[in-house]
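I have placed the structure first, in the form of structure tokens, so that the comments after it can refer back to it.
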Amino acid sequence: HPSSQPVIILLRNFVNKFPAGLSRNEASSRVHKFLKTTQDWMLSEVVVFSADADEAGRTNAAEGLEKFLLSRLHPKIFGIEKEDALEDARLHERFSSLSWVSFEHLGVPPVDSSLLALAVKQLRYVDDYKAPRDKLVCILNAARVINDVLKRTLEDNGSTARPLSADDFLPLVILCVIKANPPRLHSNLEFVAAFRHPTRLNGEDAYFLTALQSAIAFVKDASPKALEVSEEEFKRLCAQSVEEAREQERLDAVDGSTLHDDAGGDAGEEDRIPEEEAATSAAAAAAGPTTVEAKAALLSPAGRERLAAKVKALPLRFEAALSARHLRLDAVPALLSEYRELAALLREVERGDFDL
């Protein structure tokens, strides 16, 4: 709308002239002051916004303004403190060293780990977004999945009369954040806490952000006693996990290099398989299929029919959802239920039940 052009110009000027070298507190104070002034002005003076200046309209305008500005300021204000990158690296190493931690080490009864996969994935998405609200939505999605898993577990155990508490919730947050080991976690949480406007960082948003920060504090200080293992076992498991993580990073780097080399090779060059690789491939083929996909491909015609019938019977209500943003909170129980059906179906394929 033509009347919004002055707002766009104002925002771009603010981004272009935003000074370098500020501390996080100085930068956030400057951003919040600008957003407050600009929001008040555009809701009262700019036609396209003032026309929708009811409560919902004001909220949408404020969210849109914050997202527009912070997404463009992101390169200048994310990880702004000198120690941010170092703390990100320390956390990554710490999470890698504790990848062996499980339910028993946190003193809680186990739940179906496959149900927590969605929460782990949401935590890994945090770094993919630039605006504080978008990062926070990923954290909220993860927390809501954990909450729903806890409720279902209590129902399955016949404990529906007991309300959920922080003692139930926090251990699963700790476990999920260890398994996720999200990129640049320190910088992301500091960014959300500093640049999400204080008037909108409250209620459930503030509670779940604080829960994640508490989980990180626990992980940083976790001792052998806290994880119920001996000091010797703690050191052994941590060293083993770090070595496995580094080996995986080396393999990932080699894979990336190989892909790059393959893409840049001569077009007329013949593909050759080294003798060692050929021998490994032959041994793997002799051992039989190891992945679910490979096992499904080898099903008999009757087994494939049974599998196709079961897949067809699945509701797949969320197939069109491109991301968690397209889901409502009240859809999470149905999504988890459908996920469990799919997981059970994959286990049947893995066991070969369709050819029995």
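Using the working numbering, the first residue of the sequence shown is number -15, and each one after it goes up by one. Here a beta-carbon is modelled for each residue, glycine too, at the ideal position from N, C-alpha and C. A quick note: this is a predicted structure, and the numbers were derived from the prediction, not measured.
Am I right that residue i and residue j are in contact with their C-beta atoms under 8 Å? What's the rounded C-beta distance?
i, j, result
"ALA164", "ARG108", "5 Å"
"LEU169", "VAL85", "At roughly 16 Å, the Cβ-Cβ gap does not stay under 8 Å, so LEU169 and VAL85 are not in contact."
"GLU322", "LEU298", "7 Å"
"LEU53", "LEU320", "About 36 Å separates the two Cβ atoms, so there is no contact after all."
"ARG8", "ALA127", "About 24 Å; that fails the 8 Å criterion."
"ILE49", "LEU19", "Note that residue 49 corresponds to Leu in the displayed sequence, not to Ile. 6 Å between Cβ atoms; contact."
DSSP state of residue i, grouped into three classes?
i, result
"GLY63", "coil"
"PHE358", "Here the chain comprises residues numbered -15 to 340, so residue 358 is not present and cannot be evaluated."
"GLU212", "coil"
"PRO166", "coil"
"SER12", "helix"
"ALA293", "helix"
"GLY5", "coil"
"ARG230", "helix"
"ARG335", "helix"
"VAL85", "coil"
"SER321", "helix"
"ASP24", "helix"
Is it buried or exposed, residue i, if we count other Cβ atoms within 10 angstroms and call 16 or more buried?
i, result
"LYS66", "exposed"
"PRO116", "buried"
"LYS219", "exposed"
"ARG301", "exposed"
"GLY63", "buried"
"LEU196", "buried"
"ILE(-8)", "exposed"
"PRO166", "buried"
"SER28", "exposed"
"LEU70", "exposed"
"SER171", "buried"
"LEU221", "buried"
Flag this pair as yes or no: are the beta carbons of residue i and residue j separated by less than 8 Å?
i, j, result
"MET26", "ALA45", "yes"
"LEU159", "LEU102", "no"
"VAL176", "LEU154", "no"
"LYS204", "ARG335", "no"
"VAL95", "VAL133", "yes"
"ARG56", "LEU120", "no"
"ASP189", "LEU124", "yes"
"GLU174", "ASP24", "no"
"LEU82", "ALA223", "no"
"CYS122", "VAL110", "yes"
"VAL238", "ILE200", "no"
If I follow the unbroken alpha helix (DSSP H) through residue i, where does it start and stop?
i, result
"SER198", "187 to 205"
"HIS170", "169 to 179"
"VAL121", "116 to 140"
"VAL92", "Taken as a continuous stretch (DSSP letters only), VAL92 belongs to no alpha helix (DSSP H), as it is neither H nor E."
"LYS105", "101 to 109"
"LEU(-6)", "-11 to 0"
Under 8 Å between C-beta atoms, does residue i make it to chain B?
i, result
"ARG234", "Structure shown: chain B not included; a single protein chain is present."
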